[in-house]
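One structure is given here, and the rest of the page talks about it.
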Amino acid sequence: MDLYTILGYFTALQFIRPNLEPSILFSTAILIHVTDALLCLAVAAHSGRRRGVWTLAGLFLGLWALATLFLLNDIEKRRKVV
Numbered sequence: 000m001d002l003y004t005i006l007g008y009f010t011a012l013q014f015i016r017p018n019l020e021p022s023i024l025f026s027t028a029i030l031i032h033v034t035d036a037l038l039c040l041a042v043a044a045h046s047g048r049r050r051g052v053w054t055l056a057g058l059f060l061g062l063w064a065l066a067t068l069f070l071l072n073d074i075e076k077r078r079k080v081v
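Sequential numbering from 0 applies to the sequence shown in numbering that gives the first Met the number 0.
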């Protein structure tokens, strides 16, 4: 497995469009990770979590950090209801 394939799966772009050119994949991955970092910052600030940690997680882990943050918020809400 090469860097291109790993980056494709890591950013989830491999699932959307498997045959992207490497230059497009890398530039799109950077844009997606910056956007994910900003979204993690907003969600973390709204939910009272540590903004810096979640912003860095969004920048380096991308969609996976954002999904984890949403799941943590959902679990927290469900615990308050019960």
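All C-beta atoms, glycine included, are put in the ideal place defined by N, C-alpha and C.
Evaluate residue i with the Cβ neighbour count: other Cβ atoms within 10 Å of its Cβ, from every protein chain shown; 16 or more gives buried, anything less gives exposed.
{"i": "Asp-73", "result": "exposed"}
{"i": "Val-42", "result": "buried"}
{"i": "Ala-56", "result": "buried"}
Return the first residue and the last residue of the alpha helix (DSSP H) that residue i is part of.
{"i": "Arg-50", "result": "50-60"}
{"i": "Thr-4", "result": "2-9"}
Measuring straight from C-alpha to C-alpha, what distance separates residue i and residue j?
{"i": "Glu-20", "j": "Leu-70", "result": "32 Å"}
{"i": "Arg-16", "j": "Phe-25", "result": "13 Å"}
{"i": "Glu-75", "j": "Phe-9", "result": "27 Å"}
{"i": "Gly-51", "j": "Met-0", "result": "32 Å"}
Sorted by chain position, which residues of the same chain lie with C-beta nearer than 6 Å to residue i's C-beta, five sequence neighbours on each side aside?
{"i": "Leu-58", "result": "His-32 and Ala-36"}
{"i": "Thr-54", "result": "Ala-36, Cys-39 and Leu-40"}
Could you tell me which of the options sits nearest to residue i, measuring between CA atoms?
{"i": "Ala-64", "options": "Thr-34, Lys-79, Arg-78 and Gly-47", "result": "Thr-34"}
For residue i, which residues in the same chain have their Cβ closer than 7 Å to its Cβ, ignoring the five residues on either side in sequence?
{"i": "Tyr-3", "result": "Pro-21 and Leu-24"}
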